[in-house]
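Just below is one structure, and these are the notes that go with it.
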Amino acid sequence: MTEPGIDAPDKYDPNLAIDKWLRVWEDKHLFEADGLVDAGTAGQDDARPRSCVVSMYPYPSGDLHMGHAEVYSISDVIARYLRLRGDNVLNPIGWDSFGLPAENAALKRDLDPSTWTYANIEVQAESFRRLGVSFDWRTRLHTSDADYYRWNQWLFLRLLEKGIAYRKSAPVNWCPVDKTVLANEQVVQGKCERCGSTVQQRDLTQWFFRTTQYAQRLLDDMAQLEGNWPSEILAMQRNWIGRSTGAYVDFAVEGRAEPVRVFTTRPDTIFGATFFVVAADAPLAAELCAPENRAEFEAYRDKVRTETEIDRLAADRPKTGVPLGRHALNPVTGQQIPIYAADYVLATYGTGAVMAVPAHDQRDLDFAKAMGLPVVAVLDTGEDDPATTGVATAGDGTLVNSGRFDGLAKADAIEAVTADLQERGAGERAVIYRLRDWLVSRQRYWGTPIPIIHCPSCGEVPVPDDQLPVRLPETGYELRSADGASPLESATEWAAVDCPSCGGAARRDTDTMDTFVDSSWYFLRYPDPTYTGGPFNPEGVARWFPVAEYIGGKEHATGHLMYARFMTKVLHDLGMVGFTEPFAKLTNQGQVIMNGRSMSKSLGNLVNLQEQLGLYGPDAVRVTMLFAGPPDEDIDWADVSPTGAVKWLARIWRLAGDLTTPDATDGDGELRQQTHRLVDEITTLFETRRLNVAVARLMELTSLLRKACDSGAGPADPAVHEGMSALLRMLSCFAPFTADEAWSRLGLPSSVIEHGWPEADPALVFQQTVVCAVQVAGKVRDRLTVATDITETDLRDLALNSEKIVKDLAGRAVLKVIVRAPNLVNIVPAKA
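In C-alpha cells:
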C-alpha cells in the first residue's frame with residue numbers, strides 16, 4: 001500500500017493475489033455457462049435453473065471509468081450470487097464499438113476509427129479481468145465486426161420486406177458540429193447529447209423504422225414488466241409514447257379540394273374553435289399560404305426552423321405567427337375562421353395542424369390575445385370568462401354556446417360531438433401517439449452501411465442476402481465530409497456498383513445506421529456469437545432468454561430500452577423469438593459523481609479508476625461502490641473512501657490466518673444462531689437487491705467472529721469456522737480476490753466460488769426465546785427471557801411475580817397492566 005493512513009498489518013496486500021486467482025478461475029473455467037455455444041447438445045441435461053445476467057455493454061471510448069466500475073460491480077455481484085445459489089449463469093460481455101465518438105476521436109488523432117476502437121477494447125478487456133468481473137469470455141462480440149454488422153443489414157432487409165423500414169423526406173434534427181442527423185431521443189433540451197451543440201431542423205431524405213406501428217403494443221406489454229422494472233422507467237416510457245384519445249376533425253379550406261384533418265383530444269370544445277393553426281415548418285403551411293402572404297410566411301418559417309422543439313413548446317414563451325391569407329370552415333358552426341402559421345404547433349404532432357379553442361387552451365388563448373382573435377367560452381367550469389382573465393379554463397364542466405349539446409358534461413359531450421361528426425362525415429374517433437418513427441440514417445462513416453443500392457432505372461434495390469455484409473471501405477474515403485454529406489460519399493470506388501436487378505450502373509446508399517440498431521438486439525447473439533445461420537442461434541436464444549436481469553442506467557429509458565423492446569416485438573412477429581419482452585427484470589444504477597457534479601476533465605473533478613485500483617485494489621473499490629448506497633442512487637466519491645473497505649478486508653484476511661484446526665466440540669450455540677440468522681437476512685437482502693445493507697451485515701458477522709475468536713469460543717471453535725466459511729462464500733460476491741485468498745488461508749480446497757451459498761438452518765434462524773422488557777411507570781425495571789409464543793396472561797403473571805418488580809412496587813396497588821407479548825409489559829401503579 002502506498003497511500004498514507006492505510007496500514008497493512010500481516011502484510012495484507014489488496015493487489016497481490018489478483019494474478020493468482022485470475023489464473024485459477026480461468027484454468028478451471030469457473031465462469032463458463034453450461035450449454036452455451038453448442039446449444040443443441042452441451043449442457044442439455046443440466047437441470048439447474050438458467051439465468052442470463054446482462055449489463056448494458058460498454059462503449060470503448062477509453063479505459064474503464066468509475067461509472068463502469070459501479071455498473072459492472074452490481075451485475076457481477078448478482079451473477080456471482082445466482083451462481084453460488086446453484087443457477088447455471090450466463091454473464092456475457094461485448095462492446096458497442098461503432099459510433100460517432102470513435103469517429104470524432106479518430107479525426108482528432110488522425111487515426112482510423114477501427115485502430116482507435118479496437119485498441120480501447122483490449123485495454124477495457126484487461127481492466128475488466130483485473131476488476132474481477134466474472135464474464136464468460138466465450139460470448140465476446142464487437143458490433144463493428146463485419147460478422148456482426150452483416151446481421152444488422154440482414155435484419156434491415158427483413159424490416160424493409162415487412163414495410164417496417166421505409167425512406168422519406170422529413171424534417172430532421174441536425175447537429176452542426178458532429179454533422180449528422182440525430183434521433184429525437186438523442187436530443188436533450190434542444191442540444192446534441194454527444195457534443196452539447198444546439199440542434200437545427202433540416203429537411204433530408206432518410207431511412208426510418210415504423211416504431212409507431214408498435215406504439216400500443218409497447219404500452220400494453222408493460223403489464224409484463226410491472227413490479228420487475230422500476231416504476232420510474234415505465235412512467236418515462238408511457239410519457240414518451242404519449243397515447244392520446246380523441247377525434248379527427250375535417251375542416252374544409254377555401255381553394256383546396258380536400259379538407260384538412262386535425263386531431264383533438266377535446267372535440268367537445270369545437271364550437272369554441274375561432275381560428276386554425278398550422279405548424280410553420282409543415283408542408284401544409286406552404287401549400288395553404290396565399291400568394292400575397294408568401295414572402296412574410298417564408299421569412300417566418302426560416303426563423304422557426306432555427307428553433308428547437310423545446311423552445312417552441314415552452315409555456316411561458318410569447319406566441320408568434322403569421323396569417324396565411326386563407327380561411328377554414330368550422331364544421332359545426334359553419335363559420336369561416338382564419339388560418340395562421342405558428343411556432344407553437346409541431347409538424348410531427350398529429351397532422352401538424354390544430355383547431356384553436358382559445359377559451360379552453362392556454363397556448364391558443366395567448367396566441368389569440370397576441371393576434372387580436374375572438375375568444376368564445378363553450379365550457380362552463382364555474383370560473384371567470386377567459387377573455388377577461390387571460391386564463392384558459394381547461395377543466396371539466398358543462399357545454400354552453402354549443403347548440404343542441406348545451407348542458408352536457410365533458411365525457412358525454414365528447415362522445416356526442418364525435419358521433420355527430422362521424423354521422424355527417426366530418427370526423428371520426430382516433431388515437432394518436434407522441435412516439436415518432438425511428439430515424440435510423442446517419443451521415444457518418446463508423447457505422448453499419450445501409451444495404452440499399454440506388455438505381456436510376458429500378459429505384460431502391462436491396463442488396464441480395466448472399467452479398468452481405470456490405471463492408472465499410474478501408475481506404476479511399478475522407479472522414480471530413482461536406483456539410484450534410486456522408487463521408488462514404490467520398491468513397492467513390494466503393495459507392496459505384498452494378499444494380500443487382502438490371503445490371504446497370506448504380507450507387508450504394510452512403511448513410512450508415514444509427515448505433516441504436518446494433519444495441520437493439522446484440523444480447524440475443526451472446527449464446528453463440530460466431531453463429532452463421534442467422535443473427536442469432538435460435539436454440540441458444542430459446543435456452544437463455546428473456547434476459548433474467550438487465551443492468552444499466554436510467555438515461556436509456558426512452559432510447560436503447562425502447563428500441564430493444566421494439567426490435568424484440570418485430571423479431572417475434574417474424575417468428576424468430578418466442579417472447580415479446582427482452583428483459584424480464586431491470587436494475588438501474590446511479591451515477592458516480594464528485595463533489596455533487598458529474599465527473600469531467602473540464603470541471604477538474606475526474607477520478608481515475610486505475611489510480612483507485614492501484615491504491616486500494618479492486619475488491620475495496622467494489623465494496624466501496626456497493627456499500628455507499630442502494631444500486632439506483634448516485635455515489636459522490638468525495639463522501640466515501642476505499643480506506644475503510646481495505647481495513648475491513650484486511651481484518652477478514654487476518655482472521656482467516658488466526659483460526660486453528662477446529663476441535664471436536666459442538667461449538668458455541670449462540671454464535672451459530674447469530675450466524676445463521678445473518679445468513680438468512682443477507683440472503684433476503686440479495687434477493688431484494690439491497691446490496692449496501694448486505695455489506696453492512698457481512699461487516700457485522702466479521703465483528704461477531706473476531707470477538708468469538710479472541711474471547712470465549714476461540715480460534716478452534718467449530719462455530720467460528722462455520723461462520724467464517726459462510727462469511728467468505730457471501731463475501732466472494734463483493735470481494736472475490738480477498739475471499740479466495742482468505743479461503744486458502746483456512747486450508748480449504750480450490751476456490752470459494754465452487755462451494756455454494758451458505759444455507760441457513762431454519763431451526764437456528766427461528767428465535768425460540770426473546771427478551772421481554774418489564775416497565776413500571778414507563779421505566780424498565782426488569783428483563784425476562786420468555787418463549788416467543790408465550791400468552792399475554794402468562795406473561796402478565798410472570799412480570800407481576802418478578803422479584804425485581806415486586807420490590808419496585810413496594811406494596812403499591814396496580815392500576816393497569818399493558819401486555820404486548822412477547823416483547824413488553826408496562827405496569828401502571830397507583831401513586832404512593
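For the sequence shown, the UniProt record's numbering assigns the number 1 to the initial residue and increments by one for each residue that follows. Ideal Cβ placement from N, Cα and C applies to all residues, glycine included.
Query	Result
Looking at C-alpha atoms only, which residue of 822, 153, 386 is the closest neighbour of residue 471?	153
State the DSSP-derived secondary structure class of residue 816, mapped to helix, strand or coil.	strand
Regarding residue 712 and the ligand FAD, is the C-beta to nearest heavy atom distance less than 7 Å?	Looking at this structure, you won't find the ligand FAD or any other ligand, since it has none at all.
Looking at C-alpha atoms only, which residue of 20, 700, 650 is the closest neighbour of residue 14?	650
Would the beta-carbon of residue 221 fall within 8 Å of that of residue 580?	yes
Taking three-plus beta-carbon pairs below 8 Å as touching, is the region 231 to 239 in contact with the region 302 to 319?	no
Pull up the distance between the alpha-carbon of residue 211 and that of residue 110, whole angstroms please.	38 Å
Would you tell me roughly how many angstroms separate the C-alpha atoms of residue 756 and residue 72, rounded to the nearest one?	22 Å
State whether the region 672 to 684 contacts the region 759 to 768, with contact taken as three or more CB pairs (one from each stretch) at a distance under 8 Å.	yes
What are the start and end residues of each continuous alpha helix (DSSP H) run of 4 or more residues lying completely inside the region 753 to 797, in chain order?	762 to 765
So, does the CB of residue 280 fall closer than 8 Å to a CB anywhere in chain C?	Of the protein chains in this structure there is only one, and it is not chain C.
Applying the 10 Å Cβ sphere with the 16-neighbour rule, what's the burial state of residue 528?	buried
Roughly how many angstroms lie between the CA atoms of residue 82 and residue 468, to the nearest whole one?	40 Å
So, with DSSP's three-state summary, where would you put residue 628?	coil
Find the nearest neighbour of residue 116 within the set 98, 55, 133, judged by alpha-carbon distance.	98
Report back the beta-carbon spacing between residue 209 and residue 159 to the nearest angstrom; my notes put them in contact at under 8 Å.	6 Å
Distance check for residue 279 and residue 346, CA to CA, integer angstroms please.	5 Å
Counting C-beta neighbours from all protein chains within 10 Å, is the total for residue 143 16 or more, i.e. buried, or is it exposed?	buried
Along the chain, where does the beta strand (DSSP E) containing residue 204 start, and where does it finish?	200 to 209
For residue 849 and residue 48, which I take to be in contact (beta-carbon distance under 8 Å), what is that distance rounded to the nearest angstrom?	As displayed, the chain neither begins before 1 nor continues past 832, which places residue 849 out of reach and without an answer.
Taking the alpha carbon of residue 283 as the point to measure from, which residue in 766, 265, 348, 268 has its own alpha carbon closest?	348
Buried or exposed: residue 391, going by 16 or more other Cβ atoms within 10 Å of its Cβ?	exposed
Would you call the region 629 to 641 and the region 689 to 709 touching, i.e. three or more CB-CB distances under 8 Å?	yes
Where residue 823 and residue 694 are concerned, what is the direct C-alpha to C-alpha distance, given to the nearest angstrom?	26 Å
Whether or not the region 22 to 37 and the region 546 to 557 are in contact is what I'm after, with contact meaning three or more pairs of Cβ atoms, one per stretch, closer than 8 Å; do they touch?	no
Please tell me whether residue 742 and residue 653 are closer than 8 Å, where the distance is taken between their beta carbons.	yes
Is it the case that the region 239 to 248 contacts the region 592 to 601, given that we only count it when at least three CB pairs across the two stretches are under 8 Å?	no
For residue 848 and residue 479, which I take to be in contact (beta-carbon distance under 8 Å), what is that distance rounded to the nearest angstrom?	Residue 848 lies beyond the range of the chain shown here (1 to 832); nothing can be said about it.
When the Cα atoms are used, what is the spatial distance from residue 63 to residue 112?	18 Å
Exposed or buried, residue 818, counting other C-beta atoms within 10 Å across all chains shown (16 or more means buried)?	exposed
Give the secondary structure of residue 690 by DSSP, where H, G and I count as helix, E and B as strand, and everything else as coil.	coil
Since I believe residue 545 is in contact with residue 561 (beta carbons under 8 Å), could you give me their beta-carbon distance rounded to a whole number of angstroms?	In fact, because the Cβ distance is near 16 Å, the residues do not count as touching under 8 Å.
Who pairs with residue 17 in a beta bridge, going by DSSP?	Paired residues: none, contrary to the question.
To test your reading of the DSSP string, which unbroken alpha helix (DSSP H) runs of 4 or more residues are found completely within the region 589 to 669?	609 to 616, 618 to 627, 642 to 658
According to DSSP, simplified to helix, strand and coil, what is residue 414?	helix
With distances taken Cα to Cα, identify the nearest neighbour of residue 103 among 179, 244, 637.	179
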